[in-house]
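Right, one structure below, let's go through it.
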Amino acid sequence: MTLLVLLDYAAVLVFALTGALVASRAQLDIVGFAFLACLTGMGGGTLRDLLLDRTVFWIADPNYLAVASGAAAVVFFTAHLLESRYRAILWLDAAALGVAVAAGSGIALSLGHSAAITLVMGIATGCFGGLMRDVVANEVPLVLKQGELYVTCAFAGSLATVLVAPLGAVPAALACAAVTIALRAGSMAFGWRLPVYRARPPKS
Amino acid sequence: MTLLVLLDYAAVLVFALTGALVASRAQLDIVGFAFLACLTGMGGGTLRDLLLDRTVFWIADPNYLAVASGAAAVVFFTAHLLESRYRAILWLDAAALGVAVAAGSGIALSLGHSAAITLVMGIATGCFGGLMRDVVANEVPLVLKQGELYVTCAFAGSLATVLVAPLGAVPAALACAAVTIALRAGSMAFGWRLPVYRARPPKS
Amino acid sequence: MTLLVLLDYAAVLVFALTGALVASRAQLDIVGFAFLACLTGMGGGTLRDLLLDRTVFWIADPNYLAVASGAAAVVFFTAHLLESRYRAILWLDAAALGVAVAAGSGIALSLGHSAAITLVMGIATGCFGGLMRDVVANEVPLVLKQGELYVTCAFAGSLATVLVAPLGAVPAALACAAVTIALRAGSMAFGWRLPVYRARPPKS
């Protein structure tokens with residue numbers, strides 16, 4: 027269980043950094059930074075816990091709020107040191123996605139859910155926080171950006187959790203994070219992608 | 027109860043088709059199709075189950091996930107055969123709305139809720155999946171499109187459930203779906219509508 | 027407990043008025059008014075109750091639905107008398123924010139939650155309904171509007187609840203609403219604000 031708690035902390039921290047960086051692009055004040063950091067950092071896990079009918083993780087342990095708010099404060103005072111905040115958001119988001127998918131699928135597995143539910147919980151935990159961040163801040167959701175893998179990475183990572191699970195929870199979490207992040211990084215750096223739908227006649 | 031399960035399956039299937047068609051307009055890959063199909067197909071019922079504090083229906087029975095993903099795959103490979111995907115979305119959405127409203131209001135009734143809660147659950151189940159689809163995909167939400175009945179159809183259908191309920195669950199579900207779909211179709215085909223608010227002075 | 031119920035009623039009523047006014051700007055019909063009024067009026071409290079694993083307040087007592095729908099009807103027939111609907115939305119929203127933050131933080135306190143959770147529940151209850159209203163109606167979310175205090179007011183109000191709580195629930199609720207509304211009004215009328223993040227190099 028300790029591993030899953032660590033993964034939740036790491037996912038909250040890194041997603042909160044991306045939320046605060048989006049807040050910096052929107053030129054919000056420090057409370058706005060903390061708001062977007064908490065929404066992004068804890069949105070995915072909150073959805074997972076509501077769906078699985080568990081106590082919401084940050085209500086059970088409010089330290090998560092301190093982590094997300096601290097990340098917001100750090101970004102507020104240091105973001106100007108970054109050369110490109112947009113690139114920082116993309117790469118941190120990739121790392122956070124990997125960790126959050128591992129946390130979500132790991133918790134579903136540890137509760138004894140089936141492979142199908144484990145897959146969905148990994149995807150929901152990984153994608154929902156960033157989706158909320160982008161919808162609220164009126165940016166194009168990374169989840170749906172054309173020509174890049176995103177949900178696919180979360181899906182592959184969740185699948186890795188399910189496949190590696192017989193070897194133990196730690197290898198499963200490592201495999202999940204590694205697969206998710208590698209695929210996402212490959213997609214951003216080398217343009218890896220799946221074939222997209224293209225209508226033969228013009229868009230109707 | 028079997029009837030309500032059937033209605034849930036039908037609503038998931040048809041809403042998933044609309045989600046996948048929206049994915050085709052956004053030129054996503056097949057995982058993006060499945061993501062939008064699941065979100066649209068299961069969003070309304072998920073909200074209903076969270077509000078009513080039931081086990082979320084697709085966690086209790088993961089076959090719903092297979093239905094929505096299968097619908098996404100079918101659309102991915104056949105959507106180019108459609109003459110107008112936008113018209114297909116509109117008409118499938120109308121059918122899905124009718125079935126989902128019947129599922130939502132029927133379940134609320136079967137749990138012994140009051141007429142007011144039944145009305146709201148019908149509307150929430152019917153409208154939320156499509157709303158999520160449109161917000162995430164950045165389309166104008168059908169729910170709020172001017173000069174067309176949408177929420178009104180869901181409201182009238184839920185009302186039909188309440189009024190016909192004394193005759194049994196099957197007639198109530200049939201009446202609900204028929205009223206919802208007929209009103210929505212009439213609104214699209216013949217321009218049926220309620221008077222809208224129009225300010226006398228220009229928009230302020 | 028009666029005080030908290032009263033606050034919930036007041037928050038639902040005033041937020042519903044803002045939802046209906048947004049519906050009037052979008053030129054919806056009367057069912058659209060009721061839909062946006064219910065979403066805005068009950069969204070924040072619904073999120074709070076889901077997070078705290080309580081029975082959703084308007085399912086326990088459907089009279090809230092009547093209040094929100096009644097507010098929608100009143101606005102539908104009288105909004106044209108307003109000189110500026112946008113200003114009315116802003117000021118009603120400020121009042122609703124104050125009352126809803128008091129309701130949210132007061133309920134969290136009365137359930138024995140920690141100061142951190144109380145702060146978050148005040149902010150979530152206050153901000154979520156308006157956020158849903160603006161996202162669904164495609165307006166720029168007030169929550170994130172630059173150069174104005176919004177989340178900060180909710181934060182300060184929640185803090186007032188926590189600090190004044192030892193004196194009793196009534197003074198705490200009054201202090202919370204007063205602080206929230208005063209800060210928000212000062213921000214709108216006199217331009218009070220916190221320093222915002224500004225990158226030294228141009229936006230990257």
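Protein chains in written order, with the working numbering: chain A, 27 to 230; chain B, 27 to 230; chain C, 27 to 230. Every residue gets a Cβ at the ideal spot worked out from N, C-alpha and C, and that includes glycine.
| Query | Result |
| --- | --- |
| Within the segment 72–147 of chain A, note down every full beta strand (DSSP E) run reaching 3 residues or more, in order along the chain. | none |
| Mind pulling the chain A residues with CB within less than 9 Å of ARG219 (chain C)? | ASP55 |
| Using the beta-carbon count (16 or more within 10 Å), is LEU157 (chain C) buried or exposed? | buried |
| Tell me the DSSP secondary structure of VAL161 (chain B) in three-state form. | helix |
| Under the rule that 16 or more other beta-carbon atoms within 10 Å means buried, what is THR206 (chain A), buried or exposed? | buried |
| So what does DSSP say about VAL222 (chain B), is it helix, strand or coil? | strand |
| Can you say whether ASP55 (chain C) is buried or exposed, counting buried as having 16 or more other CB atoms within 10 angstroms of its CB? | buried |
| Which residues in the same chain as THR144 (chain A) place their Cβ atom closer than 6 Å to its Cβ, once the five residues preceding and following it in sequence are excluded? | SER131, ALA134, LEU135 and VAL188 |
| Distance cutoff 8 Å, beta carbons only. Does SER140 (chain C) sit that close to anything in chain A? | yes |
| Does the beta-carbon of PHE154 (chain A), which I'm using as the reference point, lie nearer than 7 Å to any heavy atom of the ligand GTP? | Here there are no bound small molecules, and the ligand GTP is not part of this structure. |
| In chain order, what residues of the same chain lie with their CB nearer than 7 Å to the CB of LEU168 (chain B), ignoring the 5 residues before and after it? | ASP119, GLY156, ASP160 and TYR176 |
| For ALA94 (chain B), which option in B:ALA37, B:LEU73, B:VAL162 and B:ALA198 has the closest C-alpha, if you only look at C-alpha atoms? | B:ALA37 |
| Going by beta carbon distance, what residues of the same chain come within less than 6 Å of ALA63 (chain C), once the five residues before and after it are set aside? | ALA42, GLY45, ALA46, ALA94, ALA97 and ALA98 |
| Using the Cβ count rule (16 or more neighbours within 10 Å means buried), how would you classify VAL196 (chain A)? | exposed |
| Ends of the alpha helix (DSSP H) at PRO197 (chain A)? | 195–216 |
| Assuming TYR90 (chain B) contacts MET68 (chain B) (C-beta within less than 8 Å), just tell me the rounded distance between them. | 6 Å |
| So is PRO167 (chain A) in contact with chain C if we call contact Cβ pairs under 8 Å? | no |
| Starting from the C-beta of LEU116 (chain B), find all residues in its chain whose C-beta is less than 7 Å away, skip the five residues before and the five after it, and write them out in chain order. | MET214 |
| Comparing alpha-carbon positions, which option in C:LYS171, C:PRO192 and C:ALA198 lies nearest VAL222 (chain C)? | C:LYS171 |
| Check this for me: beta carbons of GLY124 (chain A) and ALA203 (chain A), under 8 Å apart or not? | yes |
| With 16 as the cutoff for other CB atoms within 10 Å, does GLY148 (chain B) come out buried or exposed? | buried |
| By the criterion of Cβ-Cβ separation under 8 Å, what are the contact partners of ALA52 (chain C) in chain B? | LEU170 and GLN172 |
| Might you give, ordered along the chain, the residues of its own chain that have their beta carbon closer than 6 Å to the beta carbon of SER230 (chain C), omitting 5 neighbours on each side? | Residue confidence for SER230 (chain C) is low, a pLDDT of 48 falling below 50, so the modelled location carries little weight and cannot support an answer. |
| Going by DSSP, which residues form a beta bridge with ASP34 (chain C)? | Paired residues: none, contrary to the question. |
| For a quick check, are the C-beta atoms of ARG74 (chain C) and THR151 (chain C) less than 8 Å apart? | yes |
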